[in-house]
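Read the structure below first, then the notes.
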Amino acid sequence: MNDQITQIYHLMSYEFAQVEGDFSSLRESAIKSVMPAGMRFADFLEQLRSGHQVLLTDVPSIPLLIRDKDEWGNSYWRVNPDAEPQLDGLAYKAYTTRVALVNHGIGSSYSGSVNASVYTEPYVEREPVKLTLEERLVRQRQERLRALDTIPLSSSAWQNAFNQPPAKPTRFAKSALVPRGSCDIGTQRESLSALGDYAAYTIAVGQGISAASENAFLTRVGGAALAELPELAMKIVGRAGMLAAFVPNKLADSTLYSAADIRGKDRVETNIRLGFNTAGRIYGYHVNGAMIPKREVKRVGEQFVVALEPDITIEWVPISGDFGGKPILVNPIPEMEKFDIWIHPQAEQGQEFDNTYITPIADADLQDYILTFPAETGLPPLYVVYKESARNESGVVTGNGEDITGLWLEAAGKELGVPVPSQIADQLRGREFSSFDGFRKAFWKAVSEDTKLISQFSRANQRIIKRGGSPFVIPEETVGGRDRFEIHHVEEIQHGGAVYDVDNMRVNTPKNHIRIHKE
1 MNDQITQIYH LMSYEFAQVE GDFSSLRESA IKSVMPAGMR FADFLEQLRS
51 GHQVLLTDVP SIPLLIRDKD EWGNSYWRVN PDAEPQLDGL AYKAYTTRVA
101 LVNHGIGSSY SGSVNASVYT EPYVEREPVK LTLEERLVRQ RQERLRALDT
151 IPLSSSAWQN AFNQPPAKPT RFAKSALVPR GSCDIGTQRE SLSALGDYAA
201 YTIAVGQGIS AASENAFLTR VGGAALAELP ELAMKIVGRA GMLAAFVPNK
251 LADSTLYSAA DIRGKDRVET NIRLGFNTAG RIYGYHVNGA MIPKREVKRV
301 GEQFVVALEP DITIEWVPIS GDFGGKPILV NPIPEMEKFD IWIHPQAEQG
351 QEFDNTYITP IADADLQDYI LTFPAETGLP PLYVVYKESA RNESGVVTGN
401 GEDITGLWLE AAGKELGVPV PSQIADQLRG REFSSFDGFR KAFWKAVSED
451 TKLISQFSRA NQRIIKRGGS PFVIPEETVG GRDRFEIHHV EEIQHGGAVY
501 DVDNMRVNTP KNHIRIHKE
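Residue numbers (the UniProt record's numbering): 1 to 519.
Okay, here's the thing in structure tokens:
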């Protein structure tokens with residue numbers, strides 16, 4: 001085997017097929033003779049990943065560059081998708097630029113010409129082709145890579161990257177204001193948008209999905225599409241009610257981990273962490289190398305799944321009738337687009353900024369993770385943090401309710417709905433529940449034990465109520481798969497509304513409940 005090393009700008013077109021792309025399978029003993037003198041094996045691998053060095057071999061395990069054909073049969077070179085995960089963003093851009101020079105006229109057989117013969121057959125409209133999951137993922141990855149190619153790279157950044165020895169990556173994310181090449185803790189307030197892309201997700205309701213269920217869909221309410229996969233809906237199983245995600249910008253000083261670095265770790269070090277205040281507003285912290293657990297997203301059939309904790313799972317599932325049409329927000333993160341997300345230094349923790357108290361990180365109890373995705377998705381490693389829903393916290397019932405005359409639920413489809421009857425409040429007051437689901441079941445069982453109220457329902461609904469279930473509404477008040485009475489909190493939980501105060505509750509039809517949340 002004749003191995004040798006070179007640099008991208010010295011790489012000749014006849015050598016393209018010899019570029020090794022499988023860095024993870026390399027063994028030091030096999031390539032030690034071509035490694036630069038005095039360089040450690042781990043540092044050499046990092047130089048391969050970052051594009052500082054190119055390894056040529058007679059028969060690559062995975063060719064980094066491959067020949068392909070366009071729709072007109074013209075041959076061209078491109079980066080092998082199987083090797084993409086082993087490159088960082090700058091290296092991918094460098095290889096793409098190198099082959100583009102060959103593909104588009106500099107010593108290449110590819111002319112970019114198009115068959116100009118006139119097509120005379122009549123146009124016939126064809127049925128759209130239904131893409132498989134693999135085809136949709138390939139398309140999304142290609143779109144992400146095309147977007148990456150449009151990011152301008154200054155000549156100074158290019159020269160710095162390829163003319164200087166790289167610093168070993170040591171963080172997932174860090175302050176942009178610390179000295180180049182360092183991973184010092186940030187000491188100034190910085191906007192999260194200046195450090196990378198972020199997104200915020202919250203529980204949503206689709207057809208047939210209960211707002212208070214522990215098996216609910218997530219919808220993005222702000223930021224970039226960081227965690228979305230084509231034609232798949234995000235679903236969260238467990239007690240989480242909000243989710244924030246963050247991907248840092250690439251830095252020319254090579255101080256951030258590559259995707260390949262992160263895949264080999266159980267915990268990932270970062271200088272940036274995010275959290276929520278009690279109202280659901282997002283803010284962040286400068287930290288000094290906090291270790292964050294890593295979780296791997298795995299493909300299971302047509303789904304992707306990751307368990308953050310044994311009782312909290314995020315799933316990406318095929319969009320079906322359960323999530324048809326526009327989602328309905330249940331617990332939106334307040335005014336997401338109206339304020340900046342700030343990363344605060346230690347000096348500002350424990351103080352109020354922009355009407356928001358910055359809880360000291362020692363008291364914040366952050367639930368955050370680094371997610372890695374299968375290469376086929378094209379998604380980079382992602383930092384996520386979740387906030388538990390207050391609906392799943394324990395509490396004691398308070399409030400007095402109101403005296404009811406006439407048909408109790410007659411006005412459930414109007415204004416804010418109907419109040420909790422005082423006799424039901426009397427039965428529940430002082431009782432403690434571990435979750436709102438438990439309260440809801442006890443609420444309807446209490447209704448079943450009140451002869452005046454239960455007599456107002458049909459026999460079928462009476463059987464449901466006696467089991468602790470919510471009764472059905474008339475067809476005109478249903479929306480999609482939502483067809484039962486629902487409990488609405490007048491002062492929303494996200495704004496500090498009391499979860500177990502019956503005076504903060506109204507019973508609504510699904511149609512009216514949706515109208516209230518839209519206003």
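C-beta: ideal position from N, C-alpha, C; glycine also. In this text the structure is predicted, and so the values were computed from the model without any measurement.
- Message: For VAL507 and LEU407, which I take to be in contact (beta-carbon distance under 8 Å), what is that distance rounded to the nearest angstrom?
- Response: Not quite, the Cβ-Cβ distance comes to about 12 Å (not below 8 Å), so this is no contact.
- Query: Who are the near neighbours of GLY89 in its chain, counting only those whose CB is closer than 6 Å to its CB and skipping five residues on each side?
  - Reply: LYS250
- Backbone CA spacing between GLU134 and ASP501 [nearest angstrom]: 49 Å
- Message: On the DSSP letters alone, give me the boundaries of the alpha helix (DSSP H) that LEU90 sits inside.
- Response: 89-103
- Query: Whose C-beta lies closer than 7 Å to the C-beta of LYS69 among residues of the same chain, with five residues either side of it excluded?
  - Reply: SER75
- Query: Taking C-beta to C-beta, are LEU229 and TYR201 nearer than 8 Å?
  - Reply: no
- Does the segment 360-379 come close enough to the segment 270-277 to have 3 or more Cβ pairs within less than 8 Å? yes
- Task: Give the secondary structure of TYR201 by DSSP, where H, G and I count as helix, E and B as strand, and everything else as coil.
- Result: strand
- What is the rounded straight-line gap between the Cα of GLU449 and the Cα of ILE465? 9 Å
- Query: Sorted by chain position, which residues of the same chain lie with C-beta nearer than 8 Å to GLN351's C-beta, five sequence neighbours on each side aside?
  - Reply: TYR357 and ILE358
- Task: Compute the distance between the beta-carbons of GLN7 and LEU56, then report whether it is under 8 Å.
- Result: no
- In terms of alpha-carbon separation, which member of PRO374, ASP403 and ASP483 lies closest to VAL138? PRO374
- Local Cβ density within 10 Å of LEU226, reported as buried at 16 or more and exposed below that: buried
- Query: In terms of residues, what are the limits of the beta strand (DSSP E) holding SER75?
  - Reply: 75-79
- Cutoff 6 Å; reference SER61; Cβ partners in own chain excluding five residues on either side: ASP22 and SER25
- Task: Just confirm the distance between the C-beta atoms of ARG263 and ILE292, as a whole number of angstroms; I'd bet it's less than 8 Å.
- Result: At roughly 15 Å, the Cβ-Cβ gap does not stay under 8 Å, so ARG263 and ILE292 are not in contact.
- Looking at C-alpha atoms only, which residue of ILE454, GLY395 and ASN461 is the closest neighbour of SER435? GLY395
- Message: Going by beta-carbon coordinates alone, are GLY196 and VAL247 separated by less than 8 Å?
- Response: yes
- Thinking C-beta only, is ARG299 closer than 8 Å to LEU308? no
- Item | Three-state secondary structure assigned by DSSP to TRP72 | coil
- Exposure label - PRO380; buried when at least 16 CB within 10 Å: buried
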